[in-house]
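First the structure, in the form of C-alpha cells, and then the observations on it.
Numbering (the working numbering), first residue to last: 6 to 261.
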C-alpha cells in the first residue's frame, strides 16, 4: 500500500517541454493546472498524503517528477536523467526525499550512467528497468547494484519503440499488467495476466495503481473497460495537456 506521493506543479515554461508529437500543439498552461488539481484530488481519494512542490520555471519538464528518482520501501535511488535539459532536476528533489529517507537509505546514479524513473516498473520486490534512449547500460548496472544492496532484484528490458518502459507496460498489482505494442509478446512479461491495449489506445496503457484504485487516462474506453473488468475501482482523469509532452499519469508523481 502507498502512503505518500510527491508531485510538482507545472510552470508556465511547460510549453517549452520536450515532445515527440509537436503536431498535438503546445500545452495550455491554465488547463494543465486544472488537470493537475484534479490529479492531486484523485491521489488524495486513494488515501495517500500528497506533498506538492512548487513549479521550477527553469525546467519545463519538471512536473514529470517520476523521472527524478525511484522510491522503494527500503531505499531511494536518485536518477541521472538522460535528457540534457533535465539534468539538474534530480538534485533539486533530494531535500524533499530526505524528509522520508535517511542519508544511508539514499543511492545515486552517476555519470556516465543515465536513468529515468519512467523506465522503472516495480513488481513487488522485483524491478524491471528499460534500456532506452534515456536510460543507458551503465545506468542499468548502477541501478541493479543499488537495489541489490537492499534485497531487491532487477532485470533489464530492451526497448525498441517507446520512450520509456512505462509508456507501454504498467503493473496494476494482483498479477495484472497493461501491455501495448512491443510488450504484448515480450518474454519478460509472459507470466502475467495481460490486459491488451490496442494500438489506437496505446497512450492509455499508462495507468497507475494506488491502494486498489486504478487511475486511467480519459478517452481510452478499451483500457478503462479492461481495468474495470479486472475488478478495480477506476478514476478517470483528463491528461490531454501532458500527452502533448509525452507525459502520462505515472510521470506526474513519485508514489511510495
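Note that beta-carbon positions come from the ideal geometry of N, C-alpha and C, so glycine has one too.
Buried or exposed for residue i, please, with buried defined as at least 16 other CB atoms from any protein chain shown within 10 angstroms of its CB.
| i | result |
| --- | --- |
| residue 126 | buried |
| residue 37 | buried |
| residue 131 | exposed |
| residue 137 | buried |
| residue 42 | exposed |
| residue 151 | buried |
| residue 27 | exposed |
| residue 6 | exposed |
| residue 258 | buried |
| residue 35 | exposed |
| residue 229 | buried |
| residue 16 | buried |
| residue 252 | buried |
Suppose contacts are defined by Cβ-Cβ distances below 8 Å. Is residue i in contact with residue j by that definition?
| i | j | result |
| --- | --- | --- |
| residue 8 | residue 79 | no |
| residue 219 | residue 189 | no |
| residue 13 | residue 68 | yes |
| residue 200 | residue 254 | no |
| residue 184 | residue 202 | yes |
| residue 118 | residue 85 | yes |
| residue 194 | residue 174 | yes |
| residue 77 | residue 133 | no |
| residue 215 | residue 48 | yes |
| residue 227 | residue 206 | yes |
| residue 223 | residue 32 | no |
| residue 114 | residue 87 | no |
| residue 208 | residue 225 | yes |
From the options, pick the residue whose C-alpha is nearest to that of residue i; which is it?
| i | options | result |
| --- | --- | --- |
| residue 61 | 95, 83 and 75 | 95 |
| residue 269 | 101, 116, 187 and 102 | One cannot answer for residue 269 here, as it falls past the ends of the chain, which runs 6 to 261. |
| residue 75 | 63, 32, 87 and 112 | 112 |
| residue 128 | 201, 196 and 203 | 196 |
| residue 3 | 226, 56 and 210 | Absent from the structure is residue 3, since the part of the chain shown begins at 6 and ends at 261. |
| residue 58 | 224, 250 and 70 | 70 |
| residue 24 | 65, 48 and 110 | 65 |
| residue 120 | 133, 104, 141 and 106 | 141 |
| residue 164 | 27, 172 and 157 | 172 |
| residue 107 | 91, 93 and 82 | 82 |
| residue 109 | 154, 147 and 217 | 154 |
| residue 44 | 32, 11 and 33 | 11 |
| residue 102 | 56, 224 and 191 | 56 |
| residue 242 | 92, 50 and 87 | 50 |
| residue 91 | 104, 145 and 72 | 72 |
| residue 198 | 180, 192, 208 and 191 | 180 |
| residue 217 | 239, 208 and 229 | 239 |
| residue 40 | 229, 244 and 208 | 244 |
Would you check whether the ligand FMN has a heavy atom nearer than 7 Å to the C-beta of residue i?
| i | result |
| --- | --- |
| residue 253 | As for the ligand FMN, it is missing from this structure, which has no ligand bound. |
message: Does the region 14-21 come into contact with the region 230-245, if we say contact requires no fewer than three beta-carbon pairs (one atom in each stretch) closer than 8 Å?
response: no
message: Would the region 82-99 count as touching the region 163-172 if we require 3 or more Cβ pairs under 8 Å?
response: no
query: Taking only runs of the beta strand (DSSP E) that begin and end inside the region 77-164, which ones reach a length of at least 3 residues, in chain order?
result: 81-83, 111-113, 125-128, 131-136 and 158-163
task: Would you list, in sequence order, the uninterrupted beta strand (DSSP E) runs of no fewer than 3 residues that lie entirely inside the region 213-254?
output: 213-215, 218-222 and 238-242
Whole runs of the alpha helix (DSSP H) within the region 163-195, excluding any shorter than 4 residues: 170-173
- prompt: Counting only runs that start and end within the region 10-66, where is the beta strand (DSSP E) found for 3 or more residues in a row?
  reply: 54-58
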